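In full-length UniProt numbering, the protein residues as written are 1 to 518.
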């Protein structure tokens with residue numbers, strides 16, 4: 001039994017894309033993020049051409065109205081070129097074909113007979129095919145030919161009403177296009193610059209890892225794999241943020257383009273309808289051609305046009321990979337109160353498969369053993385030889401036997417403020433100062449002018465932490481403490497701590513307590 005429901009021509013139920021699209025790649029250097037700038041710009045160009053075509057149509061008709069039949073041929077030539085070919089569904093007719101002629105004819109018939117007298121006639125209109133912008137263009141071309149013997153003087157009306165609307169609309173859309181292209185270019189250059197920097201960092205890291213694996217001798221600390229990886233991670237954070245901002249920018253503009261298209265079509269429909277009313281008002285007997293073309297234009301669904309655009313270009317559009325709920329998307333009225341109220345991109349953030357997390361990006365050498373530090377953590381270091389003030393820093397002992405000092409453990413600080421090559425340093429315990437202290441005497445590798453070594457005093461927050469750092473530094477410098485020495489050292493440190501606590505209690509004066517590093 002056939003379904004009792006009848007489909008409405010020119011409409012389609014909005015359904016999600018059946019094609020499953022992949023998100024961004026985890027490869028730092030190959031994110032697989034499409035740049036929809038060119039295709040969105042081309043979309044703007046198509047609508048600008050459509051506006052231009054309608055504007056040229058009105059201008060040519062103005063000439064026809066002034067010079068009568070002599071300029072009708074120019075009108076026909078104007079509408080036979082530079083008209084955009086919009087994306088169409090598989091149900092749409094090819095412009096100029098018999099099906100397009102049937103579709104346009106069925107849509108135009110509603111202008112003459114809006115209500116079919118019987119079901120057979122209604123069914124034939126429904127089965128004629130989808131009415132889209134291409135069908136409108138075809139219908140417009142066909143009806144212009146019939147205007148050859150009906151061209152009349154409408155110079156004043158067209159000049160004062162129709163053309164200003166189209167010119168204003170064109171200027172608004174063109175300005176929006178230029179703004180989008182300009183900002184997108186800045187985003188694109190910024191992303192390209194970040195990726196270029198990351199590529200150089202990956203190359204340097206790969207070379208440093210190869211040098212480390214091939215030669216265990218001392219190398220320049222600036223080529224230490226850990227340090228290079230740290231710098232690379234900083235650039236990776238900046239790159240991913242740039243890419244995510246670009247994804248947001250493209251998605252916001254693509255979403256705005258959908259609403260903008262509906263508004264453009266609304267303005268064009270209103271403009272074309274006004275022109276139709278002018279012709280019908282003066283020459284009712286010869287207005288049928290305009291009414292037919294207007295009927296086709298009104299039958300074009302904005303949702304269908306956007307759906308066709310998305311379906312044909314899903315591989316190149318950012319919004320196709322959005323994880324946001326389509327039902328909750330921002331919806332702006334397709335009928336602006338003024339031309340200046342055309343849709344603008346929002347600045348919101350969206351869920352999108354193309355967005356990446358810098359913690360998950362992969363690059364060559366990220367998990368190499370040479371980039372994993374032997375020991376890292378916070379220690380207190382004495383500021384100067386005469387001062388008693390200790391400041392907290394983040395220290396790392398790399399596989400290349402460098403002791404690196406950073407202000408914090410954050411990736412924002414990728415350049416060390418102090419570098420000591422431990423095999424060239426002397427390690428000693430502090431005999432007369434506070435507990436949990438040890439000294440390292442060596443040359444700061446970051447100071448190229450320094451020729452003399454100096455002593456750096458460090459303090460841990462506990463005996464276990466002290467012994468851990470002391471033993472690791474001892475091992476790296478070739479002075480590893482034995483198990484018996486470690487046990488004896490632990491007892492001495494504990495005894496010293498108890499003695500100093502008792503003396504402080506007897507004297508009634510509290511000792512200096514280091515703040516726990518963050």
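From the three backbone atoms N, C-alpha and C, an ideal C-beta is built for every residue, glycine too.
A quick note: this is a predicted structure, and the numbers were derived from the prediction, not measured.
Sorted by chain position, which residues of the same chain lie with C-beta nearer than 7 Å to residue i's C-beta, five sequence neighbours on each side aside?
i, result
"residue 302", "261, 262, 265, 334"
"residue 118", "With a pLDDT of 46 at residue 118, under the threshold of 50, the modelled position of that residue is not reliable, and the figure given next carries that caveat. Within the same chain, residue 118 has no close Cβ partners at all."
"residue 477", "422, 423, 425, 427"
"residue 409", "394"
"residue 120", "Bear in mind that the predicted position of residue 120 carries a pLDDT of just 45, short of 50, making it unreliable; the figure below should be weighed with that in mind. Around residue 120: no qualifying Cβ."
Should residue i and residue j be called a contact, given that it needs their Cβ atoms to be closer than 8 Å?
i, j, result
"residue 405", "residue 416", "yes"
"residue 366", "residue 243", "no"
"residue 299", "residue 131", "yes"
"residue 278", "residue 154", "yes"
"residue 370", "residue 209", "yes"
"residue 198", "residue 354", "no"
"residue 414", "residue 238", "no"
"residue 317", "residue 36", "yes"
"residue 162", "residue 274", "yes"
"residue 83", "residue 40", "no"
"residue 225", "residue 205", "yes"
"residue 350", "residue 248", "yes"
"residue 80", "residue 43", "no"
"residue 319", "residue 254", "yes"
"residue 62", "residue 174", "no"
"residue 170", "residue 52", "yes"
"residue 325", "residue 34", "no"
Please work out which residues of its chain come closer than 6 Å, Cβ to Cβ, to residue i, disregarding the five sequence neighbours upstream and downstream, and give them in chain order.
i, result
"residue 458", "379, 381, 438"
"residue 428", "439"
"residue 25", "31, 32"
"residue 143", "289, 292, 293"
"residue 466", "436, 460"
"residue 385", "none"
"residue 78", "56, 60"
"residue 470", "438"
"residue 399", "370"
"residue 252", "345, 346"
"residue 58", "158, 162, 163"
"residue 360", "26"
"residue 383", "389, 391"
"residue 395", "379, 405"
"residue 180", "253"
Are the C-beta of residue i and some C-beta of chain D separated by less than 8 Å?
i, result
"residue 163", "Going by chain labels, chain D is absent from the structure shown, which holds only one protein chain."
What residue range is occupied by the uninterrupted alpha helix (DSSP H) comprising residue i?
i, result
"residue 170", "163-214"
"residue 310", "302-312"
"residue 470", "463-477"
Around the C-beta of residue i, are 16 or more other C-beta atoms found within 10 angstroms, so that it is buried, or is it exposed?
i, result
"residue 5", "For residue 5, the pLDDT reaches just 42, beneath the cut-off of 50, and the residue's location in the model is therefore unreliable, leaving the point undetermined."
"residue 164", "exposed"
"residue 442", "buried"
"residue 323", "exposed"
"residue 447", "exposed"
"residue 229", "buried"
"residue 257", "buried"
"residue 372", "exposed"
"residue 176", "buried"
"residue 65", "buried"
"residue 104", "buried"
"residue 191", "buried"
"residue 452", "exposed"
"residue 412", "exposed"
"residue 321", "buried"
"residue 449", "exposed"
"residue 304", "buried"
"residue 352", "buried"
"residue 234", "buried"
"residue 462", "exposed"
Specify, as a first and last residue, the run of the beta strand (DSSP E) that residue i falls within.
i, result
"residue 141", "Here residue 141 belongs to no beta strand (DSSP E); instead the alpha helix (DSSP H) covers 133-145."
"residue 437", "437-442"
"residue 457", "454-459"
"residue 419", "418-421"
"residue 406", "402-406"
"residue 295", "No beta strand (DSSP E) contains residue 295, which is instead part of the alpha helix (DSSP H) from 288-299."
"residue 320", "Counting along the chain, residue 320 falls outside any beta strand (DSSP E), and DSSP gives it neither H nor E."
"residue 428", "426-429"
Answer yes or no: the CB of residue i versus the heavy atoms of the ligand MN, is any distance below 7 Å?
i, result
"residue 78", "Absence of the ligand MN is noted for the structure shown, with no ligands found whatsoever."
For residue i, which residues from the same chain have a beta carbon less than 8 Å from its beta carbon, with the 5 sequence-adjacent residues on both sides left out?
i, result
"residue 211", "219, 223"
"residue 445", "221, 402, 419, 420, 421"
Any alpha helix (DSSP H) of 4 or more consecutive residues that is wholly inside the region 48-88: Within the region 48-88, the complete alpha helix (DSSP H) runs of at least 4 residues are 72-78.
Length-filtered (3 minimum) beta strand (DSSP E) runs lying within the region 344-398: Within the region 344-398, the complete beta strand (DSSP E) runs of at least 3 residues are 375-382, 390-397.
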